[in-house]
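Take a look at the structure below.
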Amino acid sequence: MAYTSLILHHKSSIIKAVIVGALIAILVSIFLPQEYAATTKLLVIPKVNLGVDPYTAVKSGERINQTLSEVIRTTSFFDKVMSAPGFQIDQTPYQTTEQKKRKRWKRAVSPTALSGTSLLSVTAFNTDQKQAEALAGAVASVLHTQGTQYTGADVEIKTVDTPVLSRFPVRPNYVLNAIFGALAFGLFAAGRLVWKSEN
Numbered sequence: 005m006a007y008t009s010l011i012l013h014h015k016s017s018i019i020k021a022v023i024v025g026a027l028i029a030i031l032v033s034i035f036l037p038q039e040y041a042a043t044t045k046l047l048v049i050p051k052v053n054l055g056v057d058p059y060t061a062v063k064s065g066e067r068i069n070q071t072l073s074e075v076i077r078t079t080s081f082f083d084k085v086m087s088a089p090g091f092q093i094d095q096t097p098y099q100t101t102e103q104k105k106r107k108r109w110k111r112a113v114s115p116t117a118l119s120g121t122s123l124l125s126v127t128a129f130n131t132d133q134k135q136a137e138a139l140a141g142a143v144a145s146v147l148h149t150q151g152t153q154y155t156g157a158d159v160e161i162k163t164v165d166t167p168v169l170s171r172f173p174v175r176p177n178y179v180l181n182a183i184f185g186a187l188a189f190g191l192f193a194a195g196r197l198v199w200k201s202e203n
């Protein structure tokens, strides 16, 4: 209770710290690489036997999508995307050590298996809008033409949404960074007040 009273008594100082923390986080975010996103969606249709109920078919599609989500992050899939015909992908960022290449690839693509559906959403990120679109398109193309190599099942993979570009950068997330900055500075200010009251 004493701590609560102390914090309430100095709430103006804590509020100032919160505002400063949020502003600093936003300023730092401005100087970070500004990345755009391109999102595409694919429908994974398992070829099931006659008589199989729809629920089982959907669950089968979900499992395949989860497998593909992991496969997309692999080096094998990366190599196929980089060599996909019709897409001019800048490979310069990946001309580095194997460890850094894998790390950058995992950051560049974000696959999501949409629960309760047979849909797979893939978002690609890049500081260049055209590159983000090319990456998303290449991933979708490889899944469509070669995805069955990874599924271990007889499936059909169709692109149902071509890559859609974000109008503005989505990374860094200014709102989220501001919240974290505000919380960090607010907690630090409150902790400092408590520490000073006990010493």
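Its first residue numbered 5, the sequence shown is counted upward by one per residue in our numbering. Just so it is clear, CB atoms sit at the ideal spot from N, CA and C, and this is done for glycine as well.
### Message
On the criterion of 16 or more Cβ atoms from any shown chain inside 10 Å, does Met5 qualify as buried, or is it exposed?
### Response
Only weak support is given to the placement of Met5: the predicted model assigns it a pLDDT of 48, under 50, and the value that follows is read from those uncertain coordinates. By the 10 Å Cβ count, Met5 comes out exposed.
### Query
Per DSSP, what kind of secondary structure is Leu36 in: helix, strand or coil?
coil
### Query
Between which two residues does the beta strand (DSSP E) harbouring Lys162 extend?
Val159 to Leu169
### Task
Helix, strand or coil for Lys45, going by three-state DSSP, please let me know.
strand
### Message
Assuming contact is defined by CB atoms lying nearer than 8 angstroms, are Ile19 and Ile11 in contact in what I supplied?
### Response
no
### Query
Thinking just about the alpha-carbon of each residue, which of Phe81, Tyr154 and Trp199 is nearest to the one in Arg67?
Tyr154
### Query
Just the Cα atoms here: how many angstroms apart are Phe82 and Thr116?
17 angstroms
### Message
For Trp199, count the other beta carbons within 10 Å of its own beta carbon; 16 or more makes it buried, fewer makes it exposed. Which is it?
### Response
exposed
### Cβ distance (whole Å) where Ala26 is taken to contact Ala182 below 8 angstroms
4 angstroms
### Query
For Glu160 versus Ile49, is the C-beta spacing smaller than 8 angstroms?
yes
### Query
Among all the DSSP beta bridges, which residues are the ones paired with Val24?
In the DSSP output, where bridge partners are listed per residue, Val24 has none listed.
#### Entry: Between the CA atoms of Leu191 and Thr8 - distance to the nearest angstrom
13 angstroms
### Message
Alpha carbons only, please: which of Gln95, Ala21, Asn130 and Lys63 is nearest the one belonging to Arg111?
### Response
Asn130
### Query
Bridge partners of Pro50, per DSSP?
Val159
### Task
State the Cα-Cα distance for the pair Phe189 and Phe172, rounded to the nearest angstrom.
28 angstroms
### Query
Among Thr43, Phe184 and Arg106, which one has its Cα closest to the Cα of Val143?
Thr43
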